[in-house]
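*Asks:* Numbering of the sequence shown is given in the UniProt record's numbering, commencing with residue 1 and proceeding in unit increments.
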Amino acid sequence: MITLREANAFTDVLAKFGVDSEESSLKMALAVLFSLLCLSLSQLLSFQANAQQNPTSGFTAVPLSQSNFKLQKPYDKSPSERYSFSNGEHRLWVFATDKPHTTSSDTKPRTEIRIRGYDYSSGVWQFEGQAYVPSGTTGTSIMQVFGGSSRATTIMLRVYTGSLTVYRSPVILSNMYNRWFKVNVIHDVGASNVKVYIDGVLKYEGSGAGGNNHYFKFGVYAQNDESNYMESRWRGIRVLRRN
Numbered sequence: 001m002i003t004l005r006e007a008n009a010f011t012d013v014l015a016k017f018g019v020d021s022e023e024s025s026l027k028m029a030l031a032v033l034f035s036l037l038c039l040s041l042s043q044l045l046s047f048q049a050n051a052q053q054n055p056t057s058g059f060t061a062v063p064l065s066q067s068n069f070k071l072q073k074p075y076d077k078s079p080s081e082r083y084s085f086s087n088g089e090h091r092l093w094v095f096a097t098d099k100p101h102t103t104s105s106d107t108k109p110r111t112e113i114r115i116r117g118y119d120y121s122s123g124v125w126q127f128e129g130q131a132y133v134p135s136g137t138t139g140t141s142i143m144q145v146f147g148g149s150s151r152a153t154t155i156m157l158r159v160y161t162g163s164l165t166v167y168r169s170p171v172i173l174s175n176m177y178n179r180w181f182k183v184n185v186i187h188d189v190g191a192s193n194v195k196v197y198i199d200g201v202l203k204y205e206g207s208g209a210g211g212n213n214h215y216f217k218f219g220v221y222a223q224n225d226e227s228n229y230m231e232s233r234w235r236g237i238r239v240l241r242r243n
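1) Can you tell me the Cα-Cα spacing of tryptophan 234 and glutamate 89, whole angstroms?
2) So, is glycine 129 buried or exposed, given that buried needs 16 or more other C-beta atoms within 10 angstroms?
3) Keeping to the same chain, check which residues put their C-beta closer than 7 Å to that of asparagine 224; ignore five residues upstream and five downstream.
4) Pick from Ser227, Tyr229, Arg168, Ala152: whose alpha carbon is nearest that of glycine 208?
5) Using the DSSP secondary-structure output, state which residues sit across from glutamate 81 in a beta bridge.
6) Are three or more beta carbon pairs between the stretch 102-118 and the stretch 213-228 nearer than 8 Å?
7) Below 8 Å CB to CB, which residues in the same chain sit around serine 227 once its five sequence neighbours on both sides are set aside?
8) With 16 as the cutoff for other CB atoms within 10 Å, does asparagine 184 come out buried or exposed?
9) Measure how close the beta-carbons of arginine 116 and tyrosine 215 come, nearest whole angstrom, since I'm counting them as under 8 Å.
10) Candidates Tyr132, Arg158, Ser149, Pro134: which alpha carbon is nearest methionine 143's?
11) Hey, quick one: how far does the beta strand (DSSP E) through methionine 156 stretch, first residue to last?
12) From the DSSP output, which residues share a beta bridge with arginine 233?
13) Let me make sure I understand the geometry here. Which of Ser192, Ile186, Ser104, Asn212 has the alpha-carbon closest to that of glycine 200?
14) Output the distance between the C-alpha atoms of arginine 168 and threonine 154, rounded to the nearest integer angstrom.
15) Please check the pair proline 170 and tyrosine 204, which I expect to be a contact at CB under 8 Å, by giving their CB distance rounded to whole angstroms.
16) If distances are taken between C-alpha atoms only, which option among Pro74, Leu240, Phe218 comes closest to arginine 91?
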């Protein structure tokens, strides 16, 4: 609520520019107008801060083919029992009761694609893809930058009850079930920095985790509090390198 004192202060400013506003009603009207202008400016700045960007600007995509996609799945299942690829869409699913991906592994079940041929230890690299997670899937990683010294990964994007999170927190996307959304993850090895964009908006920026070998993975990999059935779908997968 605009007070008369605030209105007087505003009209004093106007008086310096030769604007006469003696009537209190006019003062109030002008002050309200000024307040609305300030609010509009604030909203504009907020919109600009959350506006879509092009995270791939300054990057060049590297060639990718199916030979670059190495499937990791429960070791006792055939590929078609946990993975399909049709019309450019990868569909990956796994059950909480499934076996690990190798007989010697003690990790939780997964059906993931490990992008090979572009392992890196320096430079600035980016993963891009459109993701879809059906309702009911929870407690799973759907994308990761593998490699780190303080932990096994530089970053994990997980799903918990309809929210996309970086590890357990923070939440970077709510109400994400049953719809496509675009994911861009940028890893600057030298600066030890990682950024996550969702639908072109920067949602997370944090430190890397060290390590001297990194690569990208996507799919489903059971974490804590996982659902019995986990699924994610991906399309438009690209790997890019900064020019």
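By construction, the Cβ of each residue, glycine as well, lies at the ideal position given by its N, Cα and C atoms.
*Replies:* Reading from the atomic positions:
1) 6 Å
2) buried
3) Gly139
4) Ala152
5) Looking at the DSSP assignment, glutamate 81 forms no beta bridge with any residue, so it has no partner.
6) yes
7) For serine 227, the CB contacts under 8 Å within the same chain, skipping 5 residues up- and downstream, are Ala96, Gly136, Thr137, Thr138, Gly139, Thr140 in chain order.
8) buried
9) 7 Å
10) Arg158
11) According to the DSSP assignment, methionine 156 belongs to the beta strand (DSSP E) that extends over 153-160.
12) Arg91, Tyr132
13) The shortest Cα separation from glycine 200 among Ser192, Ile186, Ser104, Asn212 belongs to Ile186.
14) 14 Å
15) By a beta-carbon distance limit of 8 Å, proline 170 contacts tyrosine 204. Their separation comes to about 7 Å.
16) Phe218
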